Amino acid sequence: MPYEKLEITTPTPVLSWANHPLGHEETKMAKNVASLPFVFKHVALMPDVHLGKGALVGSVLATKEAIIPAAVGVDIGCGMCAIKTPFTAEQLEGKLKKIRLDLEAAIPTGFNENKDVEKSVTNWQRWRDFPDLHRGVQDLQGKAMKQMGSLGGGNHFIEVCLDTENQVWLMLHSGSRNIGNNLAQCHIHTAKELAKMVGNKLPDPDLAHFVAGTPEFQAYWNDLQWAQDYASFNRDVMMARFKHIVEKHLAGGKATKPLLEVNCHHNYAEKEVHFGEDVYVTRKGAVRAQTEDYGIIPGSMGAKSFIVKGKGNTDSFCSCSHGAGRLLSRNKAKNVYTLDDLIEQTKGVECRKDTGVLDEIPGAYKPIEQVMENQSDLVEVVATLKQVLCVKG
1 MPYEKLEITT PTPVLSWANH PLGHEETKMA KNVASLPFVF KHVALMPDVH LGKGALVGSV
61 LATKEAIIPA AVGVDIGCGM CAIKTPFTAE QLEGKLKKIR LDLEAAIPTG FNENKDVEKS
121 VTNWQRWRDF PDLHRGVQDL QGKAMKQMGS LGGGNHFIEV CLDTENQVWL MLHSGSRNIG
181 NNLAQCHIHT AKELAKMVGN KLPDPDLAHF VAGTPEFQAY WNDLQWAQDY ASFNRDVMMA
241 RFKHIVEKHL AGGKATKPLL EVNCHHNYAE KEVHFGEDVY VTRKGAVRAQ TEDYGIIPGS
301 MGAKSFIVKG KGNTDSFCSC SHGAGRLLSR NKAKNVYTLD DLIEQTKGVE CRKDTGVLDE
361 IPGAYKPIEQ VMENQSDLVE VVATLKQVLC VKG
């Protein structure tokens, strides 16, 4: 399905790939962003679009000479990592619970961190740039090192999946942890203070921005790139542990070579060229989908997930959705569904089945098939996956 142009009056149009009308609050948020003078060409809304802070989750905006820290969000570099293994479904028989328990022991979840820092983490080259980060995080390097290789909470997860050929895939979802959150908060605060100082009348205080060429912009851009690198490496560290655990159970500990590897952000900003111009592209809950780019679009636990290849659709700034998108807020999900519903909806998946993860019930998310149908012009499906094991953050 191609996009539709929203019927709103703004200096910049809003193109939507969602096949449903936006709610009042969502429309207002789209309007606010599209009214900013530095937004380039149009705003693109992905099929999984829903309310966020400042900008909609599932939105892509290109900007000239400015960037909005709250539009990138607080989980800088949040994204997905997946590998296709040489293993098949039969080899998993009777081993899922043991794998899950090993994963829960090896990869800290929620607010937890690693007790020891492994060598690959200590050797990460970007630690040398830590002194250049915002002064507000300078006492957090020890914590950042211990959290490298940890999952976090909310909708972050680790999954063992099977594709339609019964091949085993390993997949995880995580970001830049506490350090990314702290960096984001520091810069969002600075942007809001600057807006107040210059008497900037913004439609929403969360749209406070930095202007290119200023020291504040440069400081944010530097910290943003660092946190994005941290997030990507965090996923690599966890994936290495994950792969090792699976190899222990399925190959007697023998190392195997992945048949395909994908690691992509879906909350980030990057310098790119679109419509012949240099712009800053902010993807808030969206994945880059240039021609030949591999991406990962997960459904909820108990639903399908997809490995995709980008089609380089210029109207979407070469982007696609980052998941199914929530239908119900976390609190609403807890009020609407029961533990019995969770057990029913996650049948056949080796995962926690308790009230602690009730807000992540599949029914709280949009149907992933519909989301995929709406973006057939943005990506092609390379593999369709179904979870058989899920560890939630």
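For the sequence shown, UniProt numbering assigns the number 1 to the initial residue and increments by one for each residue that follows.
Using N, Cα and C, we set each Cβ at its ideal position, and we do this for glycine too.
These numbers come from a predicted model, not from an experiment.
> In three-state DSSP terms, what is V336?
Replying inline: Mapped onto the sequence shown, residue 336 falls at position 336. Of the three classes helix, strand and coil, the one that applies to V336 here is helix, per DSSP.
>> In the DSSP output, which residue or residues are listed as bridge partners for Q375?
In response: As a working note, residue 375 is residue 375 in the sequence shown. Answer is none; Q375 lacks a bridge partner.
> So L172 and R126 are in contact, right, with Cβ under 8 Å, and what is the actual spacing, rounded?
Replying inline: Within the sequence shown, residue 172 is the residue found at index 172, counting from 1. Within the sequence shown, residue 126 is the residue found at index 126, counting from 1. Contact doesn't hold; Cβ gap of about 20 Å is too wide.
>> Taking the beta strand (DSSP E) that R128 belongs to, which residues open and close that run?
In response: For the purposes of this step, residue 128 is taken as the residue at position 128 of the sequence shown. R128 -> no beta strand (DSSP E), and no H or E assigned at all.
>> By DSSP's criteria, F210 is part of a beta bridge. Which residues make up the other side?
In response: In the sequence shown, counting from the first residue as 1, residue 210 sits at position 210. Answer is I67.
> Beta carbon of Q375, beta carbon of S329: below 8 Å?
Replying inline: Stepping through the sequence shown from its first residue, residue 375 is reached at position 375. Stepping through the sequence shown from its first residue, residue 329 is reached at position 329. Cβ atoms of Q375 and S329: not closer than 8 Å.
>> Looking only at its chain, what residues have a beta carbon closer than 7 Å to the beta carbon of D163, apart from the 5 residues adjacent to it on each side?
In response: The residue labelled residue 163 in the question sits at position 163 within the sequence shown. Contacts found: W169, A383, T384, L385.
> From this set, Y294, V33, F38, which residue's C-alpha is nearest K53's C-alpha?
Replying inline: As a working note, residue 53 is residue 53 in the sequence shown. Comparing Cα positions, the closest option is V33.
> What does a CB cutoff of less than 7 Å around D206 pick up in its chain, not counting 5 residues either side in sequence?
Replying inline: Here residue 206 is taken as the residue at index 206 of the sequence shown, counted from 1. Contacts found: K53, G54, A70.
> So, helix, strand or coil for E8, using DSSP?
Replying inline: Mapped onto the sequence shown, residue 8 falls at position 8. The identity of residue 8 in the sequence shown is Ile, whereas the question assumes Glu. Here I8 sits in coil by DSSP.
>> DSSP three-state label for Q167, please.
In response: Here residue 167 refers to the residue found at position 167 of the sequence shown. Q167: strand per DSSP, three-state reduction.
> Between the region 117-124 and the region 285-293, are three or more C-beta pairs nearer than 8 Å?
Replying inline: no
> For F275, which residues does DSSP report across the bridge?
Replying inline: Along the sequence shown, read from residue 1 onward, the residue named residue 275 stands at position 275. Answer by DSSP bridge pairing: none, since F275 is not bridged.
>> Give me, in chain order, the residues of the same chain whose beta-carbon lies closer than 6 Å to that of M239; leave out the 5 immediate sequence neighbours on both sides.
In response: Residue mapping note: residue 239 aligns to position 239 of the sequence shown, counting from 1. Contacts found: C81.
> Can you name the start and end residues of the alpha helix (DSSP H) that E104 belongs to?
Replying inline: Here residue 104 refers to the residue found at position 104 of the sequence shown. Note, E104: alpha helix (DSSP H), 96-106.
>> So within the region 251-331, which uninterrupted beta strand (DSSP E) runs reach at least 3 residues, ignoring any that extend past its ends?
In response: 260-265, 267-274, 277-284, 286-288, 294-297, 304-310, 319-321
> If you follow the alpha helix (DSSP H) that K28 is part of, which residue opens it and which one closes it?
Replying inline: Position 28 of the sequence shown, counted from the start, is the residue given in the question as residue 28. Counting along the chain, the alpha helix (DSSP H) containing K28 begins and ends at 24-34.
> Comparing alpha-carbon positions, which option in R177, L260, Y220, F217 lies nearest S232?
Replying inline: Position 232 of the sequence shown holds residue 232. Among R177, L260, Y220, F217, the Cα nearest to that of S232 belongs to R177.
>> Quick check on the burial criterion: 16 or more other C-beta atoms within 10 angstroms. Buried or exposed for D359?
In response: The sequence position of residue 359 within the sequence shown is 359, counting from 1. Flag for D359 reads buried.
>> Only counting the same chain, and skipping five residues up and downstream in sequence, which positions put a Cβ closer than 7 Å to that of A269?
In response: On the sequence shown, residue 269 is found 269 positions in, with the first residue counted as 1. Closer than 7 Å at the Cβ level, and outside the excluded window around A269, lie I67, V72, L224, Y280, V281, T282.
> What is the DSSP secondary structure of P203, reduced to helix, strand or coil?
Replying inline: Working through the sequence shown from its first residue, we reach residue 203 at position 203. Three-state result, P203: coil.
> From which residue to which residue does the alpha helix (DSSP H) around V74 run?
Replying inline: In the sequence shown, residue 74 corresponds to position 74, counting from 1. It is not in any alpha helix (DSSP H) - V74 carries neither H nor E in the DSSP assignment.
> Distance, Cα to Cα, Q138 vs G79?
Replying inline: What you label residue 138 is simply residue 138 of the sequence shown in a count that begins at 1. What you label residue 79 is simply residue 79 of the sequence shown in a count that begins at 1. For Q138 and G79, the distance between alpha carbons rounds to 25 Å.
>> Excluding the 5 residues flanking A144 on each side, which residues of the same chain have their C-beta closer than 6 Å to its C-beta?
In response: Taking the first residue of the sequence shown as 1, we reach residue 144 at position 144. Here the set comprises I179.
> Assuming G276 contacts P362 under a Cβ cut-off of 8 Å, what Cβ separation, rounded to an integer in Å, is found between them?
Replying inline: Here residue 276 refers to the residue found at position 276 when the sequence shown is read from its first residue. Here residue 362 refers to the residue found at position 362 when the sequence shown is read from its first residue. Contact flag wrong, Cβ pair sits at about 43 Å.
> Among G136, D116, R135, Q141, which residue has its Cα nearest to the Cα of R128?
Replying inline: Walking along the sequence shown from the start, residue 128 turns up at place 128. When only C-alpha atoms are compared, the closest one is Q141.
>> If the criterion is Cβ atoms closer than 8 Å, does the pair C161 and V381 meet it?
In response: Here residue 161 refers to the residue found at position 161 when the sequence shown is read from its first residue. Here residue 381 refers to the residue found at position 381 when the sequence shown is read from its first residue. For C161 and V381, no; Cβs fall outside 8 Å.
> With 16 other CB atoms within 10 Å as the buried threshold, where does Q228 fall?
Replying inline: By 1-based counting over the sequence shown, the position of residue 228 is 228. Buried, because 16 or more other Cβ atoms sit within 10 Å of the Cβ of Q228.
> Any idea if R135 is buried or exposed, counting beta-carbon neighbours within 10 angstroms, 16 or more meaning buried?
Replying inline: Taking the sequence shown and counting its residues from 1, one reaches residue 135 at position 135. Label assigned to R135: exposed.
> In chain order, what residues of the same chain lie with their CB nearer than 7 Å to the CB of V237, ignoring the 5 residues before and after it?
Replying inline: For the purposes of this step, residue 237 is taken as residue 237 along the sequence shown, with counting starting at 1. Here the set comprises S120, V121, M148, G149.
> DSSP state of L56, grouped into three classes?
Replying inline: The residue labelled residue 56 in the question sits at position 56 within the sequence shown. Three-state DSSP puts L56 in coil, outside helix and strand.
> Who are the Cβ neighbours of V39 in its own chain at under 7 Å, not counting the five residues just before and after it?
Replying inline: Residue 39 sits at position 39 when you count from the first residue of the sequence shown. Counting only Cβ-Cβ distances below 7 Å, and skipping sequence neighbours, we find T12, V33, L61, T63.
> What does a CB cutoff of less than 8 Å around V246 pick up in its chain, not counting 5 residues either side in sequence?
Replying inline: Taking the sequence shown and counting its residues from 1, one reaches residue 246 at position 246. Answer for V246: T85, F87, I99, V160, V168, L170, listed in chain order.
> Looking at D293 and K309, is the spacing between their C-beta atoms short of 8 Å?
Replying inline: By one-based count along the sequence shown, residue 309 stands at place 309. By one-based count along the sequence shown, residue 293 stands at place 293. Taking 8 Å as the Cβ cut-off, K309 and D293 qualify as a contacting pair.
> How about D315 and A44: are their beta carbons less than 8 Å apart?
Replying inline: Your numbering for residue 315 matches position 315 in the sequence shown. Your numbering for residue 44 matches position 44 in the sequence shown. Yes; because the gap between Cβ atoms is below 8 Å, this pair is in contact.
> So what's K353 in DSSP terms, helix, strand or just coil?
Replying inline: Working through the sequence shown from its first residue, we reach residue 353 at position 353. Residue state, collapsed to three classes: coil.
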